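Everything on this sheet refers to the single structure shown next.
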Amino acid sequence: MSKFNKKKNAEVPAVNTASLPDIVFMLLFFFMVATVMRDDELQIENQLPKANQVEKLAEKKKVVTIYIGKPSPNFAKQYGVTEVIQLGDKISPISDVQTYVNTKRNAMDEDDKDEMMVSLKVDQNSQVGILTDVKQELRDAMALKISYTSIEGDPLRNLKN
Amino acid sequence: MARRSAPEVNAGSMADIAFLLLIFFLVTTTIEVDSGIASKLPPPLPEDTPPPPIKEKNIFQVIVNAENRLLVEEEDMDIKNLTNAAIAFLDNGGGTDPRNACTYCRGAKDPESSDNPKKAIISLVNDRQASYKMYLAVTNELVRAYATLRDREAKRLYNETFSSMTNRYSEWPATEKESPEYLELEERIKKVRELFPRNLSEAEPQNRE
Chain A
347 MSKFNKKKNA EVPAVNTASL PDIVFMLLFF FMVATVMRDD ELQIENQLPK
397 ANQVEKLAEK KKVVTIYIGK PSPNFAKQYG VTEVIQLGDK ISPISDVQTY
447 VNTKRNAMDE DDKDEMMVSL KVDQNSQVGI LTDVKQELRD AMALKISYTS
497 IEGDPLRNLK N
Chain B
-5 MARRSAPEVN AGSMADIAFL LLIFFLVTTT IEVDSGIASK LPPPLPEDTP
45 PPPIKEKNIF QVIVNAENRL LVEEEDMDIK NLTNAAIAFL DNGGGTDPRN
95 ACTYCRGAKD PESSDNPKKA IISLVNDRQA SYKMYLAVTN ELVRAYATLR
145 DREAKRLYNE TFSSMTNRYS EWPATEKESP EYLELEERIK KVRELFPRNL
195 SEAEPQNRE
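Chains as they are written, first to last, in our numbering: chain A, 347 to 507; chain B, -5 to 203.
This is the structure in structure tokens:
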């Protein structure tokens, strides 16, 4: 008789976890779509500064990236503690910038070559000197379109700390 | 009597598999930073080119020293005031003869400051020891000065800000780039750019003793 059976099942029922996979899959798809695989393993510190007069960069296939910053602690022994340049996935001397840019440019489609843009990802605490040297090299390589890649935000707040 | 039902597939481990994938993508994700301050470098010059003649009053000198201090036109300045100082300089319109006069400027018309925005040049000199964040902040403020003035002129001529025009321009569908509206927009952007060309010159950094 059901009237009496009720008492037997009085324990708390287990939480139904059947929809858990759905939730997780939803998260999974979000991250799959938002993921950009990192092409370059960074060997330097690279904290980008903030700026608010930013423009969107060109399409990825037209962009060449150059990183500048101090070597991260693991590499400090090998490369010292002053700012260095990272091209692709290794730290290189300034003299390699032209070759690197030209190699990248030659690999592009004919149409994209003229619109090539160099994205300079410079650590916010580095000194300007090395950046100037790089820009000089870029001028000689005729890579004149550049972009100081930065995070959107108020630049004056960078300076406070 | 127990009712018979088809045996259910055990989906208990589905969550585990999904979690595994999720964690993989979480770790490899880098949300991309894909914006920055665009700039154009001058092409390399032959060794012995003489500098073009530019009147002293048409140059707005901005110097950043090794201690990240700002010197604007020989005066110490806080970076907060830089944009307004640059706007005042660019928009001055001090030229008097018809060749130099600026019809759309609303500045003070100070004869000691720039003749017109097409001739006005902002020269940014930075010490090699200056920090990049200071350099970028200064560049940002100067670019903002140009953007403000272009917005104003675009608003006056076409009743639309310059930034919204460039936004529309870059988001134009690729299939409709032949349409007259697109070409008209392109023409308008070019015109506003010409009113306030971005003459931002960066000299070689120097180490001042």
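Heads up, the beta-carbon is just placed ideally off N, CA and C, and yes, glycines get one too.
None of these values were measured; they are calculated from a predicted model.
Listed by chain order, chain B residues near residue i by CB distance under 8 Å
i                 : result
Asp458 of chain A : Per Cβ cutoff of 8 Å: no residues; Asp458 of chain A is ~15 Å from chain B at best.
Ala364 of chain A : Ala5
Ser441 of chain A : Near Ser441 of chain A there are no residues of chain B at all, since even the closest Cβ is about 16 Å away, more than 8 Å.
Asn471 of chain A : Ser125, Tyr126, Lys127
Where residue i falls, given that 16 or more other Cβ within 10 Å makes a residue buried
i                 : result
Ser496 of chain A : buried
Asp469 of chain A : buried
Asp435 of chain A : exposed
Arg202 of chain B : Because the pLDDT at Arg202 of chain B is just 43, under 50, the model does not fix this residue reliably, and the value given afterwards should be weighed accordingly. Classification of Arg202 of chain B: exposed, given that the 10 Å Cβ count is below 16.
Met462 of chain A : buried
Ala9 of chain B   : buried
Gln399 of chain A : buried
Phe376 of chain A : exposed
Ile11 of chain B  : exposed
Arg100 of chain B : exposed
Gly426 of chain A : exposed
Ser7 of chain B   : exposed
Arg150 of chain B : exposed
Pro367 of chain A : buried
Asn52 of chain B  : buried
Asn86 of chain B  : buried
Tyr140 of chain B : buried
Lys185 of chain B : exposed
Gln473 of chain A : buried
Ser125 of chain B : buried
Closest Cα partner of residue i within the set the options
i                 : options                                : result
Ser493 of chain A : B:Leu15, B:Thr23, B:Ile31              : B:Ile31
Ala80 of chain B  : B:Pro47, B:Arg150, B:Val132, B:Asp121  : B:Val132
Met488 of chain A : A:Val427, A:Asp460, A:Lys416           : A:Asp460
Ala364 of chain A : B:Ile11, B:Leu15, B:Leu14, B:Ala5      : B:Ala5
Gln123 of chain B : B:Thr22, B:Arg63, B:Val56              : B:Arg63
Tyr211 of chain B : A:Val358, A:Leu394, A:Val427           : Past the boundaries of the shown model lies residue 211 of chain B; chain B is included only from -5 to 203, so the question cannot be answered.
Glu127 of chain B : A:Asp500, A:Leu433, A:Asp486           : Looking at the sequence itself, residue 127 of chain B is Lys, so the reference to Glu does not match. The option with the nearest alpha carbon to Lys127 of chain B is A:Asp500.
Pro417 of chain A : A:Gln389, A:Gln399, A:Ser441           : A:Gln389
Val119 of chain B : B:Gln55, B:Glu41, B:Ile48              : B:Gln55
Ile183 of chain B : B:Asn193, B:Glu196, B:Thr160, B:Ala197 : B:Thr160
Asp458 of chain A : A:Asn362, A:Leu403, A:Lys407, A:Ile369 : A:Lys407
Tyr98 of chain B  : B:Glu69, B:Thr22, B:Arg146             : B:Arg146
Glu483 of chain A : A:Tyr446, A:Lys450, A:Asp455           : A:Tyr446
Ile412 of chain A : A:Gln444, A:Phe421, A:Asn504           : A:Gln444
Val58 of chain B  : B:Ser(-1), B:Leu76, B:Arg192           : B:Leu76
Ile115 of chain B : B:Thr23, B:Ser(-1), B:Arg192, B:Leu20  : B:Arg192
Phe190 of chain B : B:Asp121, B:Phe83, B:Asn134, B:Glu154  : B:Phe83
Pro36 of chain B  : A:Arg503, A:Lys481, A:Val464           : A:Lys481
Lys49 of chain B  : B:Gly88, B:Pro92, B:Pro38              : B:Gly88
Val409 of chain A : A:Ala422, A:Lys423, A:Leu433           : A:Leu433
Asn420 of chain A : A:Glu405, A:Ile437, A:Ala404           : A:Ile437
Ser117 of chain B : B:Ala197, B:Ser33, B:Leu16, B:Leu179   : B:Ala197
Proximity test, residue i beta-carbon vs the ligand NAD heavy atom, cut-off 7 Å
i                : result
Val66 of chain B : Of the ligands one can find in the structure shown there are none, so the ligand NAD has no counterpart to examine.
Bridge partner(s) assigned by DSSP for residue i
i                 : result
Glu498 of chain A : A:Ala397
Phe54 of chain B  : B:Ile116
Glu196 of chain B : B:Leu118
Ser29 of chain B  : A:Lys402
Lys34 of chain B  : A:Lys491
Ile431 of chain A : A:Ile414, A:Ser438
9 Å Cβ cut-off: residues of chain A touching residue i
i                 : result
Thr77 of chain B  : The contacting residues do not exist; Thr77 of chain B stays about 10 Å from chain A at best.
Met213 of chain B : Residue 213 of chain B lies beyond the range of chain B shown here (-5 to 203); nothing can be said about it.
Proximal chain B residues relative to residue i, where beta-carbon distance stays under 9 Å
i                 : result
Val474 of chain A : Val58, Asn120, Asp121, Arg122, Gln123, Ala124, Ser125, Tyr126, Met128, Tyr129, Pro199
Val400 of chain A : Ser29, Gly30, Ile31, Ala32, Asn134
Leu433 of chain A : Correct list: empty, because the minimum Cβ distance to chain B is about 18 Å.
Contact list for residue i against chain A, beta-carbon separation under 8 Å
i                 : result
Pro36 of chain B  : Arg485, Leu490
Phe13 of chain B  : Val370
Ala0 of chain B   : By Cβ distance, chain A contributes nothing, its closest Cβ being about 17 Å from Ala0 of chain B, past 8 Å.
Val137 of chain B : Gln399
Ala141 of chain B : Gln399
Per-residue contacts from residue i into chain A (C-beta, under 7 Å)
i                : result
Leu64 of chain B : Under the 7 Å cutoff, chain A gives no residues; its nearest Cβ is about 10 Å from Leu64 of chain B.
Under 7 Å from the C-beta of residue i: neighbouring residues of chain B
i                 : result
Glu468 of chain A : Sequence check: residue 468 of chain A is Val here, not Glu. Per Cβ cutoff of 7 Å: Tyr126.
Met378 of chain A : Phe19
Leu481 of chain A : Note on identity: in this sequence residue 481 of chain A is Lys, with Leu being the wrong assignment. Neighbours of Lys481 of chain A on chain B, chain order: Leu35.
Tyr446 of chain A : The contacting residues do not exist; Tyr446 of chain A stays about 16 Å from chain B at best.
Could you tell me which uninterrupted alpha helix (DSSP H) segments, each at least 4 residues in length, are contained entirely in the stretch 111 to 169 of chain B, listed from first to last along the chain? 126 to 152, 156 to 164
Within the stretch 433 to 501 of chain A, note down every full alpha helix (DSSP H) run reaching 4 residues or more, in order along the chain. 443 to 452, 456 to 459, 474 to 486
Threshold first: 3 residues or longer. Then list the beta strand (DSSP E) segments lying entirely within the stretch 55 to 115 of chain B, N to C. 64 to 66
Inside the stretch 363 to 429 of chain A only - alpha helix (DSSP H) runs reaching at least 4 residues: 366 to 380, 422 to 425
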